[in-house]
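**Q** One structure coming up, written as structure tokens, with questions to follow.
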């Protein structure tokens, strides 16, 4: 379901829709009836009424979007006939496009096309075009506002125009265009084949500005950052999809606070593009040095085409050491890559093929002093992926930031790493590995590569490798020492490498760089000579391991290589396996619609926080959302980082007021951590606050935080420690697969609940992480990882804490409080399983033992995975049952009472255990009508009368603050009476 803002933008932006036919219904605080209506065309996008108060949008008598009913006829395309305009041509009118969460206004502008009458505004509907390849050029042409007498503009302009013609680009993005350049362009015969963003009036290039030329028809909007600083966004229909082209020229370092201004400008552009359907290109002068904007671009899914295709190439577009005009205009005299072309293609519809510089030579007859511009131009070619044959990726140029490798498993690593840490200069960058393909495709193609690799590897069987002895490669001035793999069957490793290379024939360096062909090896160090290597290396004792998978690895910037995908030999991918299907059943991932719903909720809360703070907030997710393992029944929890001068409780109260009438809210100020609880779009959302001066540095100096802020933000840090630790051993994708499988199993067996004395989601995440650090075996498949999980925990000495950090391992286990000590990672360390009781500890440990036995039998082919996930029959688990019933005619009062009962049930369980009773809780409260029921299974000693249990339960209920509810206590011996 689209958000109200997205629906509004669609109605305003889609020229086929009649905006006058739509009416907005919104929550009005001052109205006695609560809802008021306004024509959609009159809705003030930057007015006082926030977007989240829109309740519905109707077209005539038909409601086409309704927040509460989750109705969205606009996204589904089921609009009534009255919504559409007639087929008559519409004159261009001023319409306003507003960026989500921003006050930026994008205003439509005319596009011009040459006809018999000259250059005229194009009023025809944009026709769809089919293309296999698309060429785009970007060029900052240097206006003559500054140093006019030194830059010979009259000589440069015709050369610039000729350089653009020779580019033969489908799309041309020009920065610092001036009226004389525009006039010259419009006079060129070749330009008449293009649509252009301005005409002879030069309205957008006075004194200078951006131009967009395209052989493809396009629609155009612009946003003006200042008097002459603006961005153009053109939209073309290509191959049945929209492609948006943003032409930008960000603020240069001549301005004050230039970096902050560039960040805001780019954020505005990205926010707008992210809300548009289809793919996007961003081209122009970013005035960026290095990776200044990497974080915001990466988060928006943008790929820098030059970095992808030329990762080791400088690509300087502003080079004072080479270009005399650049030297004249430069502040620092340092070469930089200011001009860039970025691609945002979420489904990889467009794939970069090449990118090069142009206009790099001085103009003839100027003695090398005058270049076409102080910048060099950039030209890129993209290919439409869906027109590729089955071997689509065979034409993608390999890069040296990625590889396909066999990774040495954990149980052989100590001996290898001891040598590498002493002799290998690349030990921090590379894991211990055997290269199969290097260089390989850019990381952005990995998902598609896996789709091609997996079926081929399913036909190959796992094999054995023995790292037998040391060998050396001799280079011109040094030698590399390596371990020689001996393979059984003999040709298995070469066959695996050949299969991969046949799939990606352009990635053939491993087999073609020497006459010997593919020489598998595991590098351990660099030495002056072979003799020095063999003299210094210690005695080697052969080790062996099974190769049952290969890894696709990559590095980002200066970070070390990390595993991004694992593909297994001799089996179909996990998604269709028996175990995979069971995990999907018990722990399904979010559908795209469910994820969109959560994004909408987060967007509403973010907007409310922004209105209270007066600036864009930093919301840090907690729990399963932060770890990337949300399921449909997961709640959303977030911490809003606020300035230290604000009152946290006052901030939450302000947010509650902003959301008044939109959703049910409850402000809880007497809890361990103050929290605003929301129910919005069917999602439970807990909002906390943390008063933090600088979020990035706060983790290093937690002593500077007040206690409530520390408790709130520590949840974020604890989750981050998990991902940091796990990343040292496996990819996060592999960890999440294991965690989902464990959560699915725990739910099937009725032991997933911190409230009822079992383990909550964070404790299960800690256990999964611990199993990677504790037991370093060669398990790589989900099946083996899950078996390893049970083996480790079944054999664990529970007198010792399970922890991921040194400070956590120093936690002092105290009996009987710490039945299962699963400890946090940041001081002051706490037991996350503090609700576990003597009874539930025995249940959990017996489940670990059962899992250890069953998974061994399953891997041996003696059992099925369904046996492990068989739901527990709680009717058969106990001798007698204690049933607590609560009734209340007021449903809200009943729900509140159930919440109190669930929060304190642990105390009753402990009281029962203190008189010798074993308790097996049923981990839910069943509610039917105005009655709810809680069940505890019991094992009583022979001399304990059931009346003692009944009295204990009545005393417990009498202490609860539920005076308006009535209670009933029952002891049942016949399990069949419990439905």
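In the working numbering, the protein residues as written are 454 to 1432.
Where a beta carbon is used, it is the ideal one built from N, C-alpha and C, also for glycine.
Please read these numbers as outputs of a predicted model, since none were measured by experiment.
For residue 614, collect the residues of the same chain with a Cβ closer than 8 Å to its Cβ; drop the 5 residues on either side in sequence, then sort them by chain order.
**A** 634, 637, 638 and 641, listed in sequence order.
**Q** Under 9 Å, do residue 1246 and residue 1220 count as touching if we go by C-beta distance?
**A** Yes, the pair counts as a contact, with Cβ atoms nearer than the cut-off.
**Q** Touching or not, the region 1408-1425 and the region 1327-1342, by the rule of three or more beta carbon pairs under 8 Å?
**A** Enough Cβ pairs lie closer than 8 Å, so yes.
**Q** Mind listing, in chain order, the continuous alpha helix (DSSP H) runs of no fewer than 4 residues lying wholly within the region 718-802?
**A** Complete alpha helix (DSSP H) runs here, min 4: 747-752, 758-762 and 777-782.
**Q** Identify, in the order they occur along the chain, each residue of the same chain with its Cβ nearer than 6 Å to the Cβ of residue 1213, setting aside the five sequence neighbours on each side.
**A** Excluding sequence neighbours, residue 1213 sits near 1207.
**Q** Is residue 1053 helix, strand or coil when you go by DSSP?
**A** It is helical.
**Q** Might you give, ordered along the chain, the residues of its own chain that have their beta carbon closer than 7 Å to the beta carbon of residue 971, omitting 5 neighbours on each side?
**A** Counting only Cβ-Cβ distances below 7 Å, and skipping sequence neighbours, we find 947, 950, 963 and 964.
**Q** Classify residue 1128 as buried or exposed, calling it buried when 16 or more other Cβ atoms lie within 10 Å of its own Cβ.
**A** Answer is buried; the Cβ neighbour count reaches 16.
**Q** Would you tell me roughly how many angstroms separate the C-alpha atoms of residue 1180 and residue 1258, rounded to the nearest one?
**A** If you take the alpha carbons of residue 1180 and residue 1258, they lie about 14 Å apart.
**Q** Should residue 784 go down as buried or exposed, given a rule of 16 or more other Cβ atoms within 10 Å for buried?
**A** With fewer than 16 Cβ atoms within 10 Å of its Cβ, residue 784 is classed as exposed.
**Q** Nearest-angstrom Cα distance between residue 1438 and residue 671?
**A** The requested residue 1438 does not occur in the structure, where the chain is confined to residues 454 to 1432.
**Q** Identify which residue in 1173, 1107 and 1140 has its Cα closest to the Cα of residue 1447.
**A** The first residue shown for the chain is 454 and the last is 1432, placing residue 1447 beyond what the model contains.
**Q** Report yes or no: do three or more beta-carbon pairs, one from the region 1136-1145 and one from the region 1053-1066, lie closer than 8 Å?
**A** At 8 Å Cβ cutoff, the stretches touch.
**Q** Taking just the CA atoms, how far does residue 669 sit from residue 731?
**A** If you take the alpha carbons of residue 731 and residue 669, they lie about 16 Å apart.
**Q** How about residue 728 and residue 525: do their beta carbons lie closer than 9 Å?
**A** No. Outside cutoff.
**Q** With a threshold of 8 Å on Cβ separation, who are the neighbours of residue 1366 within its own chain once the five nearest residues in sequence on each side are excluded?
**A** Once the five neighbours on either side are set aside, the close Cβ partners of residue 1366 are 1290, 1291, 1292 and 1372.
**Q** Short of 7 Å in beta carbon distance, which residues of its chain neighbour residue 1026, apart from the five on each side in sequence? Order them along the chain.
**A** For residue 1026, the predicted model reports a pLDDT of 40, less than 50, meaning its position is unreliable; a value from the coordinates is still stated below. So the list reads 907, once near-sequence residues are dropped.
**Q** Within 10 angstroms of its Cβ, does residue 458 collect 16 or more other Cβ (buried), or is it exposed?
**A** By the 10 Å Cβ count, residue 458 comes out buried.
**Q** Should residue 1313 go down as buried or exposed, given a rule of 16 or more other Cβ atoms within 10 Å for buried?
**A** By the 10 Å Cβ count, residue 1313 comes out exposed.
**Q** Roughly how many whole angstroms lie between the Cα atoms of residue 1286 and residue 1183?
**A** Straight-line Cα distance between these residues: approximately 25 Å.
**Q** Going by the DSSP bridge assignment, what does residue 976 pair with across the sheet?
**A** Answer is 935, bridged to residue 976.
**Q** Of all the options 940, 986 and 995, which has the alpha carbon lying nearest to the alpha carbon of residue 973?
**A** It is 940.
**Q** Using beta-carbon positions only, say whether residue 866 and residue 934 come within less than 9 Å of one another.
**A** No, they are not a contact pair.
**Q** Within its chain, find whatever has a CB closer than 6 Å to the CB of residue 1146; leave out the 5 residues flanking it on each side and keep chain order.
**A** So the qualifying residues of the chain are 1097.
**Q** Within 10 angstroms of its Cβ, does residue 568 collect 16 or more other Cβ (buried), or is it exposed?
**A** Exposed, because fewer than 16 other Cβ atoms sit within 10 Å of the Cβ of residue 568.
**Q** Straight-line CA distance for residue 743 to residue 575?
**A** Straight-line Cα distance between these residues: approximately 40 Å.
**Q** Should residue 782 and residue 827 be called a contact, given that it needs their Cβ atoms to be closer than 9 Å?
**A** In this structure, residue 827 lies closer than 9 Å to residue 782 by Cβ.
**Q** Helix or strand or just coil, what does DSSP make of residue 1197?
**A** In the structure shown, residue 1197 sits in a helix (DSSP, three-state: H, G or I).
**Q** Within this structure, are the beta carbons of residue 592 and residue 831 separated by less than 9 Å?
**A** Closer than 9 Å, so yes.
**Q** Anyone know if the C-beta pair for residue 870 and residue 880 falls short of 9 Å?
**A** Yes; because the gap between Cβ atoms is below 9 Å, this pair is in contact.
**Q** Please name the residue, chosen from 1143, 998, 980 and 966, that lies closest to residue 915 on a Cα-to-Cα basis.
**A** With distances taken between Cα atoms, residue 915 lies closest to 998.
**Q** Alpha carbon to alpha carbon, how far is residue 984 from residue 1177?
**A** Taking the straight line joining both Cα atoms gives about 40 Å.
**Q** For residue 1311, which residues of its own chain have a beta-carbon under 8 Å away from its beta-carbon, when the five flanking residues on both sides are left out?
**A** Once the five neighbours on either side are set aside, the close Cβ partners of residue 1311 are 1236, 1240, 1317, 1318, 1320 and 1321.
**Q** List the whole-angstrom C-beta distance separating residue 1078 from residue 1089, where the pair is believed to meet the contact cut-off of C-beta under 8 Å.
**A** Yes, residue 1078 and residue 1089 are in contact; Cβ-Cβ is about 6 Å, under 8 Å.
**Q** If I follow the unbroken alpha helix (DSSP H) through residue 1147, where does it start and stop?
**A** Careful: residue 1147 lies outside any alpha helix (DSSP H) and carries neither H nor E.
**Q** Closest by CA to residue 632, which one among 623, 664 and 617?
**A** Ranking 623, 664 and 617 by Cα distance to residue 632 puts 664 first.
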